[in-house]
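Colleague: Below you'll find the structure I mean.
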Amino acid sequence: MASLKPVRGTHDLLGEDILRHRHVEQTAFAVASRYGYSEISTPVFEFTEVFARTLGDTSDIVTKEMYTFEDKGGERITLRPEGTAGVARAFISGGLAQKLPLKLFYRGPMFRYERPQKGRQRQFNQIGAELLGVAGPLADVEIISLGAQILDELGLSEHVVCELNSLGDAESRNAYRARLVEYLKDQPLSEDSRERLHRNPLRILDSKEERDRAIVADAPLMSDSLNDESRRFFDDLRNGLEIAGVKYTLNPRMVRGLDYYCHSAFEFTTTALGAQGTVLGGGRYDGLVKQMGGQATPGIGWAAGIERLAMLVDGGLEKKRPIVIIPIGAEAADTALEVTQRLRRGGFSVDLGFSGNMGKRMKRANAANACATVILGEDEIARQAATVRDMDSGEQAEVPLTALETHLDRFR
RNA sequence: GCGGGAGUAGCUCAGUUGGUUAGAGCGCCAGAUUGUGGAUCUGGAUGUCGGGGGUUCAAAUCCCCUCUCUCGCCCCA
-17 MASLKPVRGT HDLLGEDILR HRHVEQTAFA VASRYGYSEI STPVFEFTEV
33 FARTLGDTSD IVTKEMYTFE DKGGERITLR PEGTAGVARA FISGGLAQKL
83 PLKLFYRGPM FRYERPQKGR QRQFNQIGAE LLGVAGPLAD VEIISLGAQI
133 LDELGLSEHV VCELNSLGDA ESRNAYRARL VEYLKDQPLS EDSRERLHRN
183 PLRILDSKEE RDRAIVADAP LMSDSLNDES RRFFDDLRNG LEIAGVKYTL
233 NPRMVRGLDY YCHSAFEFTT TALGAQGTVL GGGRYDGLVK QMGGQATPGI
283 GWAAGIERLA MLVDGGLEKK RPIVIIPIGA EAADTALEVT QRLRRGGFSV
333 DLGFSGNMGK RMKRANAANA CATVILGEDE IARQAATVRD MDSGEQAEVP
383 LTALETHLDR FR
């Protein structure tokens, strides 16, 4: 019992917080299901290579953020830092290539060893969507529309903007990378960006360093390096988004961190969460499945942080108002239990307190925001009846036990 | 991993230049009201002052270490 505190960067979730989470998840699932996505649940841990091989050797996730350990059988295991790699692994090991196109939706905890901040924890929850097996931009339009609609139905469309960029295909991306390095290599970049120049030069584009920003302002644009095919792809995507009614802004400097992205990259961002502005982000990952050892399969997807969404959302907090059963005296206990169970089976939300005299029970019923109380005293039981009290109006009436359901119907 | 700020009751916070039994509001519990909640009144309990070490006759207060949260960087959801 060294410490009764939760591990750094982890939190218990209860009360209002978990209601918000549930609301986010339920809204997301409802929308995803309307888009034809079905749920997948993959393990929270995988062999380390599943993540190490796919996320890229230079990504921060792999170099410093993974929870990795050796299990008792000597296997190298990693707690999943994100969802896509696990879904891709499931796609390959489950032989799901037979069922393309595949539209999958998931939710669950992710783990990253990072310094915690608001909206950033070591264990956090994501919802995510993946669409596998469609090479054309219609897939991108659909997956982005899905994200946009979920945010909209959460009431967040006013607080969030969709930023969009194209990284192009591998050829375009490599060409651009070369041009960018050529331009940047002699510039007086910040120390961090000097480092990035070797590891991940595209990152320099969204550096927050004043000095870098000035330099980047005149840097060659990614859009000028797109080959014809990549350009056409991006044009079709933008056209599709307009037809689908999804608003977006172009951000030619937006870069996604994971190596496997190509073509579309998008982020829904907000200014309401400080440094953690991204609320939903994703992109296309055509090379991923092949890179993992499956047959080449295009894919696109996104993930969204439930904690971050929950902080922005204000709905979903309504709790069903219970009917509270109030027995008076020991003789009423059996009847109270019987009535409680009967009403619960009949579809009512019912609370039966565990102790206390009538005044105390009424107080608790009130604190629980009861819509009605059912009072069972000696008198009532003698007449095989109960007193039903409307907790809003204060009106009460005695009703026969057999007729309780009908009298309580409006509280159902 | 790097740099700043903070930590006192369940919550929000006060606490003087180091000085006795550490306070307020809200909430909680009990009573006024043992068959009637919300309102009011009365009373009550809160606590390793984040933890450890040091200075001192004396530390919530000063110093060092550490943990956690927070803001920014890195990066991301």
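Here the first sequence stands for residues -17 to 394, numbered as in this note's numbering. Note that beta-carbon positions come from the ideal geometry of N, C-alpha and C, so glycine has one too.
1) Using a threshold of 8 Å, state whether the C-beta atoms of PRO309 and SER331 are closer than that.
2) In chain order, which beta strand (DSSP E) runs of at least 3 residues are fully inside the region 232 to 294?
3) Apart from the five residues just before and just after ALA(-16), which ones in its own chain have a Cβ nearer than 7 Å to its Cβ?
4) Three-state secondary structure (DSSP) at PHE33?
5) Is DSSP giving ARG365 helix, strand or coil here?
6) Going by Cα to Cα distance, which pick from ALA286, HIS389 and LYS342 is closest to ALA130?
7) Is DSSP giving ALA354 helix, strand or coil here?
8) Expressed to the nearest angstrom, what Euclidean distance is found between the alpha-carbon atoms of GLY275 and PHE33?
9) What does DSSP give as the partner residue(s) for THR50 in the beta ladder?
10) Pull up the distance between the alpha-carbon of GLY359 and that of ILE0, whole angstroms please.
11) What's the gap between the Cα of LEU187 and the Cα of LYS46?
12) ILE22: buried (16+ other C-beta within 10 angstroms of its C-beta) or exposed?
13) Quick check: does the Cβ of ALA354 come within less than 7 Å of any heavy atom belonging to the ligand ADP?
14) Would you list, in sequence order, the uninterrupted beta strand (DSSP E) runs of no fewer than 3 residues that lie entirely inside the region 90 to 141?
15) Apply the 10 Å Cβ neighbour rule to GLY(-3) and answer buried if 16 or more other Cβ atoms are within range, or exposed otherwise.
16) What three-state label does DSSP hand ILE307 in the structure shown?
17) Sort out for me which residues DSSP pairs ASP333 with in a bridge.
18) With distance defined between alpha-carbon atoms, name the residue in SER246, ASP194, VAL69 and VAL381 nearest to ILE109.
19) For LYS167, count neighbouring Cβ atoms within 10 angstroms of its own Cβ and tell me buried if that reaches 16, exposed if not.
20) So what's VAL26 in DSSP terms, helix, strand or just coil?
21) In its own chain, which residues sit with a C-beta less than 7 Å from the C-beta of ARG16, not counting the 5 before and 5 after it?
22) Near PRO280, what residues of its chain come up, given a Cβ to Cβ distance below 7 Å and the 5 sequence neighbours on each side ignored?
23) In terms of residues, what are the limits of the alpha helix (DSSP H) holding ALA315?
24) I'd like the span of the beta strand (DSSP E) that includes VAL143, first residue to last.
25) Thinking just about the alpha-carbon of each residue, which of ASN209, GLU192 and ILE225 is nearest to the one in SER172?
26) Counting pairs of Cβ atoms below 8 Å between the region 336 to 345 and the region 382 to 393, do you hit three or more?
27) Taking buried to mean at least 16 other C-beta atoms within 10 Å of its own C-beta, is ASN147 buried or exposed?
28) Please state whether DSSP places GLU191 in a helix, a strand or coil.
29) Give the secondary structure of LYS400 by DSSP, where H, G and I count as helix, E and B as strand, and everything else as coil.
30) Using the C-alpha atoms, what's the distance from LYS301 back to GLN378?
31) Given GLU135, which residues of its chain have a CB within under 7 Å of its CB, disregarding the five upstream and five downstream residues?
32) Hey, would you say SER97 sits closer than 8 Å to PRO63, going by beta carbons?
33) TYR19 and ALA111: beta carbons closer than 8 Å?
34) Based on Cα-Cα distance, which residue from LEU133, VAL370, LYS100 and LEU319 lies nearest to ARG(-10)?
35) Below 7 Å CB to CB, which residues in the same chain sit around ARG185 once its five sequence neighbours on both sides are set aside?
Modeller: A quick look at the data gives this:
1) In this structure, the beta-carbon distance from PRO309 to SER331 does not fall below 8 Å.
2) The qualifying runs are 244 to 251, 260 to 266 and 281 to 287.
3) Because ALA(-16) sits at a pLDDT of 40, beneath the cut-off of 50, its placement in the model cannot be relied upon, and the following sentence gives the value as read from the coordinates. Excluding residues within five positions, none has a Cβ falling inside 7 Å.
4) In the three-state reduction of the DSSP assignment, PHE33 falls in the helix class, which pools H, G and I.
5) Under the three-state reduction of DSSP output, ARG365 falls in the coil class, being neither helix nor strand.
6) Of the candidates ALA286, HIS389 and LYS342, the one whose C-alpha sits nearest the C-alpha of ALA130 is ALA286.
7) ALA354 falls in the strand class under three-state DSSP.
8) Spanning the two alpha carbons is a distance of roughly 13 Å.
9) Per the DSSP secondary-structure output, THR50 pairs in a beta bridge with THR60.
10) For GLY359 and ILE0, the distance between alpha carbons rounds to 37 Å.
11) The straight-line gap from Cα to Cα measures roughly 22 Å.
12) Buried: at least 16 other Cβ atoms inside 10 Å.
13) Among the ligands in the structure shown, none appear at all, so the ligand ADP cannot be discussed.
14) Within the region 90 to 141, the complete beta strand (DSSP E) runs of at least 3 residues are 105 to 114.
15) Residue environment: GLY(-3) is assigned as exposed (fewer than 16 neighbouring CB atoms within 10 Å of its CB, all protein chains considered).
16) In this structure, ILE307 counts as strand in the three-state DSSP scheme.
17) Under DSSP, ASP333 forms a beta bridge with VAL306.
18) Taking the Cα of ILE109 as reference, the smallest distance to any Cα among SER246, ASP194, VAL69 and VAL381 is reached at VAL69.
19) Under this definition LYS167 is an exposed residue.
20) Under the three-state reduction of DSSP, VAL26 is assigned to coil, being neither helix nor strand.
21) Counting only Cβ-Cβ distances below 7 Å, and skipping sequence neighbours, we find nothing.
22) Only GLY115, VAL116, ALA117 and ASP268 meet the Cβ criterion.
23) Counted as a single uninterrupted DSSP element, the alpha helix (DSSP H) harbouring ALA315 occupies residues 315 to 327.
24) DSSP places VAL143 inside the beta strand (DSSP E), whose first and last residues are 143 to 148.
25) If you compare the alpha carbons of ASN209, GLU192 and ILE225 with that of SER172, the shortest gap goes to GLU192.
26) Taking 8 Å as the limit for Cβ pairs, the verdict is that the region 382 to 393 does not touch the region 336 to 345.
27) Counting Cβ neighbours within 10 Å, ASN147 comes out buried, since at least 16 surround it.
28) In the structure shown, GLU191 falls within a coil segment according to DSSP collapsed to helix, strand and coil.
29) The shown model of the chain, from -17 to 394, leaves out residue 400, and the question about it has no answer.
30) Their backbone Cα atoms lie some 24 Å apart in a straight line.
31) Here the set comprises THR9 and VAL13.
32) Contrary to the premise, residue 97 reads as Arg rather than Ser in this sequence. Cβ distance not < 8 Å, so ARG97 and PRO63 don't count as in contact.
33) Cβ atoms of TYR19 and ALA111: closer than 8 Å.
34) Checking every option, the nearest Cα to that of ARG(-10) belongs to LYS100.
35) Cβ neighbours of ARG185 beyond the five flanking positions: ARG178 and VAL237.
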